[in-house]
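In terms of the working numbering, the sequence shown opens at residue 1106 and continues consecutively.
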Amino acid sequence: SRERTLSGALRDALLQIEGAFSLVFLAEDRIIVARDPYGFRPLAMGRLEMADGRAAIVFASETCAFDLIGATYTGDVEPGEMVIVSPDGIRRERYTPPEAPAHCVFEHVYFSRPDSVVFGKPVAESRERMGRLLAREHPVEADVVVPVPDSGVAAAIGYASESEIPYRQALIRNHYVGRTFIEPSQAIRDFGVKLKLNPVRHLLEGKRVILVDDSIVRGTTSRKIVRMVRNAGASEVHLRISCPPTISPCYYGVDTPSLHELIAAKYDIKQIEEYVEADSLAYLSLESLRESVKDSDHRFCYACYTGKYPTLVQIDEIVMAKTGCC
């Protein structure tokens, strides 16, 4: 860049980038923060009162981080905005006009913590609403509603409340194990499921169980959990998913697998039901997902459920899938 200032040079660089980013740059005497013009990922801004009476400006991908340090959430860095915090104060400027918003709905489905406010909406409320709408769309006679912890908990609470079927925490999660669907190999994912979850047998024995999870990606983890619940004595296992089928990879920061690994890209719901060995399987509709996150003005990205990307994505496997080539 020919710009003579750091912020000017960064502005030039950011204008050459397409896709999702939330960036924080640390310079000698300032912090520069920038968010992509679509606002794919959350980037929150807060204020921390210091013991000496001064205030610090803090940034995080989730507002729950502010609670840990005693900071106050003041708002979001806007799409296409650059925020410069220096000894002279705070300067906010647009480095490019914002595009039509494309907030990642998967943040509310899975990624973000339920105690966060993401894209201006409480995550726990969105997930509980997903569960309520899922119960209305896909009821089933059962004895207990059981979440797949932790991301399935809020949706399961909503499902149980709407269906008036008792909620039971019958799967216990080991919190020292990470997210299994993004592990690099199937063998590690399989072992991770056993380490991650353990059934409470007396809550499952002889019961017709509604198992609520946030998503199915490859299907292998879901099958192992269904088997685990059935082996613990459940008489029936009905799987309910609080989002639509994932049919397309994400190219905006979610480490979803390639197209050929996504089970819903290859099989219909009945075939997936048979693969995961559930007595029944049902997903939340796209319309109800929109309602759950209160997206009346179309500000979210649903590409993983629709295959319609908000930016031009030139990926060989997408072209091959559409043309039927090898």
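Even for Gly, the Cβ is constructed at its ideal location relative to N, Cα and C.
Distance cut-off 6 Å: residue i Cβ against heavy atoms of the ligand FMN
i	result
I1189	Of ligands this structure carries none, so the ligand FMN is not represented either.
Backbone secondary structure at residue i - three-state DSSP
i	result
C1409	helix
V1424	Because V1424 sits at a pLDDT of 48, beneath the cut-off of 50, its placement in the model cannot be relied upon, and the following sentence gives the value as read from the coordinates. Note: V1424 maps to helix in three-state DSSP.
G1151	strand
I1270	coil
When the options are compared against residue i, the one with the closest alpha-carbon
i	options	result
G1225	S1256, L1153, A1149, E1382	A1149
V1163	R1146, Y1143, I1136	I1136
E1242	H1208, L1389, L1128, G1257	L1389
C1348	F1126, S1320, L1238, G1124	S1320
A1125	R1146, V1249, D1134	R1146
Alpha-carbon to alpha-carbon, residue j and residue i
i	j	result
H1213	R1232	7 Å
G1175	E1267	35 Å
F1130	L1115	9 Å
Y1143	L1119	13 Å
V1258	G1236	9 Å
L1394	V1317	15 Å
F1331	P1304	Here residue 1331 turns out to be Val, not Phe, going by the sequence shown. In a straight line, the C-alpha of V1331 is about 11 Å away from that of P1304.
R1197	P1227	25 Å
V1334	A1275	9 Å
A1161	I1189	13 Å
K1312	I1377	23 Å
D1141	L1302	37 Å
C1409	P1254	22 Å
I1270	E1310	16 Å
N- and C-terminal bounds of the beta strand (DSSP E) containing residue i
i	result
N1303	1302 to 1304
F1130	1127 to 1131
L1386	1385 to 1388
E1396	Note, E1396: premise wrong, no beta strand (DSSP E); alpha helix (DSSP H) at 1391 to 1397.
Y1178	1177 to 1181
Enclosing alpha helix (DSSP H) for residue i [first to last residue]
i	result
R1159	No alpha helix (DSSP H) holds R1159; DSSP gives it neither H nor E.
A1337	A1337 -> no alpha helix (DSSP H), and no H or E assigned at all.
V1342	No alpha helix (DSSP H) contains V1342, which is instead part of the beta strand (DSSP E) from 1341 to 1346.
| task | Could you tell me whether the stretch 1178 to 1187 touches the stretch 1359 to 1371, where touching means 3 or more Cβ pairs closer than 8 Å? | result | No: the two stretches stay apart, fewer than three of their Cβ pairs being nearer than 8 Å.
| query | If we count Cβ pairs, one from each stretch, closer than 8 Å, do we get three or more for the stretch 1331 to 1343 versus the stretch 1370 to 1387? | reply | These segments touch.
| Pairing CB atoms from the stretch 1240 to 1254 with CB atoms from the stretch 1215 to 1224, are three or more of them under 8 Å? | Output reads no: the stretch 1215 to 1224 does not touch the stretch 1240 to 1254.
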